[in-house]
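Asker: Handing you a structure now.
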Amino acid sequence: MRLRMFSVVGEALHFSARRMETIMRVAWLPVVLLLILEMATAFSLLSVVYNRLITFEDAHTWAQAQKAFSNVIQQIIAAIIINGPLAIRWQIYAVLGASLVIQSILVASFMAPLIRLAGLGEAPRPGVVRLPFGPDQVRYIGASLLAILIMALFIFGPMMAAAFYTIKYILQAIAEIRYAQFPNPDSLHTINVISAGDVFFDAAGLRPLSRGLPLLIAAPFAVGFWLLLIAHFHPKNRAAGAGAPNILARALATLAGAAAVGGAFWLGFLVWAGNVDPASNMSHLFAIAALGAMIAYYFNLRLFPYVGVAVCRKSLGPGKTLRVTSGFNIFRLFALLVMIFAVTLGVQILINSIAFPAIGATVNYLFAATDVYTRFVNGGEGSEWVRPLFVSIWNGVKIAYNIFWLFFTYGVSAGLLGRLYRDSERTGEDGDLAPAWLRA
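Just so we're aligned, residue 26 is where the sequence shown starts under our numbering, counting upward by one.
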């Protein structure tokens, strides 16, 4: 089964544009609550961090509050990485956890019926003020969590456990080795007995081993991922007529491709970090991070259609999820996601950065003309209501457009997941289970 990129992208965009009335009817209340939740989360977290109630009196604009919230989140992440998760107060976890739970419920309330509309043609129930939560929404949340847990438990969990126990046993093995240290080179009477573990990462003779140890730990996972890629691109997982299996060519091609992608991640980390010696321990850690990022992206792409499949099939079973991303379809899925991202973000940037400033110039002319007219009829004195009115109307237009585009992007996501579900159920290369809304 070959994934048709332009057809999938076109249908996702077409679904959102054509069904915008339904999307807005189903999603307007949850989206409004999501915007309120975002503000409540920001001010609640800031209040917990600063141990006092933070309101708009402290952050005079929402932009200032957002900036402070982003800075606090970055500090929390840095503290977790450096000092561990126990270094963060439980109140912070409570605020973020409650926000995540409520956000998941709100998003699931409208995404689940929209995915079923895109995948099966099943129209959402009538009504304007709706906030449904039932089995479909539970499956949406459950499928999203399962995709994360699969990577956490079966991919990165074993990697972290292997690294932990390897270092633990090495340190235990050298714990009984003792070194005699002479702190005063002019006297042989003062002797300090230290263990090999105390000098393992500092002794010049052991430094190459200590630097290469993380890479040695990651090597089996790199080999395992390479073998997985060799199996992934087997001819039986590609389109019909892919040819006879050639394991040597496939092994070399996957090795070169994985090395190129991993190297790109590694270079990206080095550029992000600044001046880092490629032979340093930090560079080695970046190499392991590049391997982890590459594995994460692979499984993210493989499991991407799962949410749509679970919602449309009314089951958390995988169904034919992996069929959609088998063989070279994984590259096609990545390419169509890039295309959708480029279209939605590109239009957003064009409107906000080019169209709105251009239209704003016209609005300024209208404001100036209105101000001149009011001065003319008022004997040279301007009316105080003119500027606030124009500012309010113009800001309202910009806010309305961005909320509308938010609806559109949610609709595109639902249309994409619905189409990927139908592709997973296709019986042939050209067959398609088009829903009623697309056939009409």
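No residue lacks a Cβ here, since even glycine has one placed at the ideal position from N, Cα and C.
#1: Excluding the 5 residues preceding and the 5 following residue 33 in the sequence, name in chain order all residues of the same chain whose CB lies nearer than 8 Å to its CB.
#2: Does DSSP classify residue 446 as helix, strand or coil?
#3: What is the C-beta distance between residue 356 and residue 45, in whole angstroms, given that I count them as a contact (C-beta under 8 Å)?
#4: Between the Cα of residue 392 and the Cα atoms of 414, 78, 329, 427, which residue gives the shortest distance?
#5: Rounded C-beta distance between residue 37 and residue 374? I'm assuming under 8 Å.
#6: Give the DSSP-derived three-state secondary structure of residue 148 in the structure shown.
#7: Can you grab the Cα-Cα spacing for the pair residue 438 / residue 431, in whole Å?
#8: Kindly indicate which residue of 282, 315, 280, 274 has the alpha-carbon position closest to the one of residue 293.
#9: Under the three-state reduction of DSSP, which class applies to residue 330: helix, strand or coil?
#10: Excluding the 5 residues preceding and the 5 following residue 51 in the sequence, name in chain order all residues of the same chain whose CB lies nearer than 7 Å to its CB.
#11: What separation, rounded to the nearest whole angstrom, lies between the Cα atoms of residue 22 and residue 295?
#12: What separation, rounded to the nearest whole angstrom, lies between the Cα atoms of residue 72 and residue 53?
#13: Determine the direct distance from the alpha carbon of residue 394 to that of residue 163, and round the result to whole angstroms.
#14: Looking at the structure shown, is residue 251 part of a helix, part of a strand, or coil, going by DSSP?
#15: Considering only the alpha carbon of each residue, which of 288, 170, 412, 93 lies closest to residue 397?
#16: Which of the three DSSP states is assigned to residue 389 in this structure?
#17: Do you know offhand how far residue 352's Cα is from residue 298's?
#18: Report yes or no: do the segment 160-174 and the segment 94-108 share at least 3 C-beta pairs separated by less than 8 Å?
#19: So, using beta-carbon positions, are residue 255 and residue 276 closer together than 7 Å?
#20: In whole angstroms, give me the CA-to-CA distance for residue 48 and residue 40.
#21: Pull up the distance between the alpha-carbon of residue 317 and that of residue 370, whole angstroms please.
#22: Quick check on DSSP: helix, strand or coil for residue 256?
Answerer: Reading it off the structure:
#1: 361, 441, 444, 445, 448
#2: helix
#3: Not really, about 31 Å apart at Cβ, beyond 8 Å.
#4: 414
#5: No, residue 37 and residue 374 are not in contact; Cβ-Cβ is about 19 Å, not under 8 Å.
#6: coil
#7: 11 Å
#8: Comparing alpha-carbon positions, the option among 282, 315, 280, 274 lying closest to residue 293 turns out to be 315.
#9: coil
#10: The answer, listed in chain order, is 135, 138, 139, 149, 155.
#11: Residue numbering for the chain in the displayed model covers 26 to 465; residue 22 lies beyond these limits and cannot be assessed.
#12: 29 Å
#13: 56 Å
#14: Residue state, collapsed to three classes: helix.
#15: 412
#16: helix
#17: 34 Å
#18: no
#19: Their beta carbons are under 7 Å apart, which means residue 255 touches residue 276 by this criterion.
#20: Near 10 Å, if we compare the C-alpha coordinates of residue 40 and residue 48.
#21: 27 Å
#22: The answer is helix: DSSP assigns residue 256 an H, G or I state.
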